[in-house]
Amino acid sequence: MSRFFIEKYSSLVPYTPGEQPKDMKYIKLNTNESPFPPSEKAINAASEAINILNLYSDPESRMLTEKVAEYYGLDYENVLMTNGSDEILYFAFTAFCDKNNPAVFPDITYGFYPVYSEFLNIPFREIPLKEDFTIDINDYFNAKGTIFIANPNAPTGETLSVADIRKIIEANPDNVVVIDEAYIDFGGESCVPLVKEYDNLLVTQTFSKSRSLAGARLGMGMASKGLIQDLNTVKYSVNPYNVNRMTSAAGYGAMCDDEYTKKNCRYIEECREYTSAKLKELGFEMTNSKANFIFAKHNGADGKKIYLKLKEKGILIRHFDKERICQYNRITVGTKEQMDALINALTGILEELK
Numbered sequence: 230m231s232r233f234f235i236e237k238y239s240s241l242v243p244y245t246p247g248e249q250p251k252d253m254k255y256i257k258l259n260t261n262e263s264p265f266p267p268s269e270k271a272i273n274a275a276s277e278a279i280n281i282l283n284l285y286s287d288p289e290s291r292m293l294t295e296k297v298a299e300y301y302g303l304d305y306e307n308v309l310m311t312n313g314s315d316e317i318l319y320f321a322f323t324a325f326c327d328k329n330n331p332a333v334f335p336d337i338t339y340g341f342y343p344v345y346s347e348f349l350n351i352p353f354r355e356i357p358l359k360e361d362f363t364i365d366i367n368d369y370f371n372a373k374g375t376i377f378i379a380n381p382n383a384p385t386g387e388t389l390s391v392a393d394i395r396k397i398i399e400a401n402p403d404n405v406v407v408i409d410e411a412y413i414d415f416g417g418e419s420c421v422p423l424v425k426e427y428d429n430l431l432v433t434q435t436f437s438k439s440r441s442l443a444g445a446r447l448g449m450g451m452a453s454k455g456l457i458q459d460l461n462t463v464k465y466s467v468n469p470y471n472v473n474r475m476t477s478a479a480g481y482g483a484m485c486d487d488e489y490t491k492k493n494c495r496y497i498e499e500c501r502e503y504t505s506a507k508l509k510e511l512g513f514e515m516t517n518s519k520a521n522f523i524f525a526k527h528n529g530a531d532g533k534k535i536y537l538k539l540k541e542k543g544i545l546i547r548h549f550d551k552e553r554i555c556q557y558n559r560i561t562v563g564t565k566e567q568m569d570a571l572i573n574a575l576t577g578i579l580e581e582l583k
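In terms of this note's numbering, the sequence shown is numbered consecutively and its last residue is 583.
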């Protein structure tokens, strides 16, 4: 760092994105992207928006917001579009956390939660997952802070039921509960309908995974009108034109092609189960993932060695060095052809490591 970097951030450990190496052509199974291109409707809508990029984007993304609200059975005032779901999470940390309202989240979860806490100088409490990497909902009753739960969780893929989330919300009536549903479309049950019942619930989602728009950077938050007003206060103080024209148009096109989204999600779910069965045959064990990834370890081979060997063979997966999960790897579910290539590579690697 330079001598000008202020002391406040000198010890900050930033979030580490998944690798994007350019040294060779890889099968990318490390960043939970969709293996499918965007919907033709999304592509066409974004292409039309190119012609008016000389004008600022609509700060409300009105057409898209109306479409999302209609899709989820909400009012317009219940929805806020953002530059990826990371931005709505940043807004939530900013709006609902301080020294009197610390952030509360699992010890193994999305890496941005502790980063935002540190960056915004917010005290936080990490609650250990159980031995099987599931959440004990009793740990979140009367949590005395703003709760952040990824559901399905990342990187484990484990999921809470809507009934359990309802219990957490009701046990924390004076604090906001944020449910991060980035991976909900791959087998989980969304708690968006609860937005109409509870004024302390914020649900965040992304277009990056199920709707194949990771490169567009589009996310959203759904909550009571009061919470959305709070988040808009932060947004208009930081980045009023946060969603560009092409992204907003692409998002609208994607929302108009739900059949395409659902077909791709069903394919990923089937491919996840197919790959899980093949991994079990090779001696892997894994969590019960309801996301577009598998979280797996092999008791006879070191997790990091598996990751490095696969990289040598042109297959990228995600390895984490955190002590509790250092033997696990997170594997994005791609096409069946990509997963067969993974299984074939792993078969050879396990023979090498014997």
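We put the CB at the ideal spot given by N, CA and C, even for glycine. All of these numbers come straight from a predicted model, not from anything done at the bench.
Exercise. What are the residues that DSSP puts in a beta bridge with aspartate 409?
Worked result: Ala379, Thr433
Exercise. At which residue ranges does the region 312 to 342 contain complete alpha helix (DSSP H) runs of 4 or more residues, listed in the order of the chain?
Worked result: 313 to 325
Exercise. Closest by CA to glycine 512, which one among Ser505, Asn521, Tyr503, His527?
Worked result: His527
Exercise. Where does alanine 452 fall in DSSP's three states?
Worked result: strand
Problem set entry | Three-way DSSP call (helix, strand, coil) for isoleucine 457 in this model | helix
For this session: Determine the burial state of phenylalanine 233: buried for a count of at least 16 other Cβ atoms within 10 Å of its Cβ, exposed for fewer.
Result: exposed
Exercise. Of the residues Ile413, Asp365, Lys373, which one's Cα is nearest the Cα of aspartate 393?
Worked result: Asp365
Exercise. With a Cβ-Cβ cutoff of 7 Å, do phenylalanine 320 and asparagine 493 count as a contact?
Worked result: no
Exercise. Among residues of its own chain, excluding the 5 on either side of leucine 241, which ones have a beta-carbon nearer than 7 Å to its beta-carbon?
Worked result: Glu347, Phe348
Exercise. Where are the alpha helix (DSSP H) runs, 4 residues long or more, that stay fully inside the region 248 to 292, in chain order?
Worked result: 269 to 278
Exercise. Can we count glutamate 355 as close to the ligand NAD, meaning its CB is less than 6 Å from some heavy atom?
Worked result: By its list of ligands, the structure shown contains no ligand whatsoever, and the ligand NAD lies outside what it can speak to.
For this session: Name the residue from Ala411, Tyr465, Thr260, Leu460 whose alpha carbon lies nearest to the alpha carbon of serine 439.
Result: Ala411
Problem set entry | Exposed unless 16 or more other CB atoms sit within 10 angstroms - verdict on asparagine 329 | exposed
For this session: Name the one or two DSSP bridge partners that threonine 561 has.
Result: Phe522
For this session: Would you identify the three-state DSSP class for leucine 579, choosing helix, strand or coil?
Result: helix
Exercise. Straight-line CA distance for threonine 490 to alanine 271?
Worked result: 11 Å
Exercise. How long is the line joining the alpha carbons of leucine 282 and lysine 296, rounded to whole angstroms?
Worked result: 22 Å
For this session: For tyrosine 300, count neighbouring Cβ atoms within 10 angstroms of its own Cβ and tell me buried if that reaches 16, exposed if not.
Result: exposed
Problem set entry | Burial state of isoleucine 398 (16 or more Cβ within 10 Å) | buried
Problem set entry | asparagine 573 beta carbon less than 7 Å from that of asparagine 312 | no
Exercise. Are isoleucine 356 and aspartate 368 closer than 7 Å when you measure CB to CB?
Worked result: yes
Problem set entry | glutamate 355 (DSSP reduced to helix, strand or coil) | strand
For this session: Measuring alpha carbon to alpha carbon, tell me which of Val562, Glu269, Thr435 ends up nearest asparagine 521.
Result: Val562
Problem set entry | CA-to-CA distance, arginine 291 to aspartate 459, given in whole angstroms | 18 Å
For this session: Take lysine 425 as the anchor and find which of Ala324, Leu456, Pro384 has the nearest alpha-carbon.
Result: Leu456
Problem set entry | Buried or exposed by the 16-neighbour rule on C-beta atoms within 10 Å, applied to asparagine 307 | buried
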